[in-house]
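*Asks:* Mind looking over this structure? Questions follow.
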């Protein structure tokens with residue numbers, strides 16, 4: 001098989017190992033050996049499918065950013081249904097926390113990967129950017145529907161939402177604790193801008 005072309009099952013096995021390594025010891029301890037050891041495969045397997053560690057991590061960042069983007073993409077369509085806080089929280093929780101945690105920490109430690117993700121997926125697609133974009137569009141739609149006050153600023157609220165998520169992810173405790181803190185914080189964040197009587 002040509003170098004740089006990976007079997008999908010092997011790719012996902014190795015990507016899951018990145019999640020595990022970053023959650024356990026942080027992105028600073030990432031190495032080809034650490035990843036293949038966590039994946040339970042031979043060290044050379046990673047380099048049989050990727051040019052080098054940077055190439056592998058770029059592929060990982062693109063894959064995980066796509067997962068986050070795909071989960072966030074449906075948020076604007078939920079405008080007018082459920083609750084505003086509930087819809088935002090559901091979107092944040094749609095991607096497994098270990099994946100969000102690992103991706104966010106990796107992009108913070110290796111910011112050059114952001115440009116490589118954007119080159120493949122487009123602007124506002126790297127890491128949590130997709131959630132921010134989707135939340136901004138969603139809140140704008142809810143404002144037009146009257147479920148969010150006209151004085152609300154969707155972009156600012158979306159930025160605050162992602163700031164909260166970023167902070168909690170980088171200081172993560174247990175998954176249930178993070179989910180609880182996200183829900184309480186998001187509920188408080190939008191409480192002042194949601195309306196009891198939407199436009200008819």
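In full-length UniProt numbering, the protein residues as written are 1 to 200. Even for Gly, the Cβ is constructed at its ideal location relative to N, Cα and C.
1) Is DSSP giving residue 195 helix, strand or coil here?
2) Excluding the five sequence neighbours on either side, which residues of its own chain have a C-beta within less than 8 Å of the C-beta of residue 182, listed in chain order?
3) If you follow the alpha helix (DSSP H) that residue 41 is part of, which residue opens it and which one closes it?
4) Which residue wins for smallest C-alpha separation from residue 27, given the options 53, 155, 134 and 131?
5) Alpha carbon to alpha carbon, how far is residue 129 from residue 189? Give it in angstroms, no decimals.
6) Opposite residue 148 in the DSSP bridges: which residues?
7) Do you know offhand how far residue 16's Cα is from residue 171's?
8) Using only alpha-carbon positions, find the residue among 150, 156 and 148 that is nearest to residue 136.
9) Throw me the rounded Cβ distance for the residue 103 and residue 65 pair, which I believe falls under 8 Å.
10) Assuming residue 193 and residue 152 are in contact, meaning their beta carbons sit under 8 Å apart, how far apart are those beta carbons, in whole angstroms?
11) When you compare only the Cα positions, how much space is there between residue 23 and residue 179?
12) Compare the C-beta of residue 183 with all C-beta atoms of chain D and state if any pair is closer than 7 Å.
*Replies:* Well, looking at it:
1) What you label residue 195 is simply residue 195 of the chain shown in a count that begins at 1. Note: residue 195 maps to coil in three-state DSSP.
2) Here the question's residue 182 lines up with position 182 in the chain shown. So the qualifying residues of the chain are 89, 92, 93, 164, 165 and 168.
3) By 1-based counting over the chain shown, the position of residue 41 is 41. No alpha helix (DSSP H) holds residue 41; DSSP gives it neither H nor E.
4) Position 27 of the chain shown, counted from the first residue, corresponds to residue 27. The shortest C-alpha separation from residue 27 is found at 53.
5) Residue numbering aside, residue 189 sits at position 189 when the chain shown is read from its first letter. Residue numbering aside, residue 129 sits at position 129 when the chain shown is read from its first letter. Cα-Cα distance, rounded: 19 Å.
6) Looking up residue 148 in the chain shown gives position 148. Residue 148 is bridged to 194.
7) Your numbering for residue 16 matches position 16 in the chain shown. Your numbering for residue 171 matches position 171 in the chain shown. Taking the straight line from one Cα to the other gives about 21 Å.
8) Locating residue 136 in the chain shown gives position 136, counting from the first residue. With distances taken between Cα atoms, residue 136 lies closest to 156.
9) Against the chain shown, residue 103 aligns to sequence position 103. Against the chain shown, residue 65 aligns to sequence position 65. The Cβ separation is near 7 Å, so the contact holds.
10) Looking up residue 193 in the chain shown gives position 193. Looking up residue 152 in the chain shown gives position 152. About 4 Å; that satisfies the 8 Å criterion.
11) As a working mapping, residue 23 is identified with position 23 in the chain shown. As a working mapping, residue 179 is identified with position 179 in the chain shown. Going from the Cα of residue 23 to the Cα of residue 179 covers about 16 Å.
12) Chain labels in this structure do not include chain D; a single protein chain is all it has.
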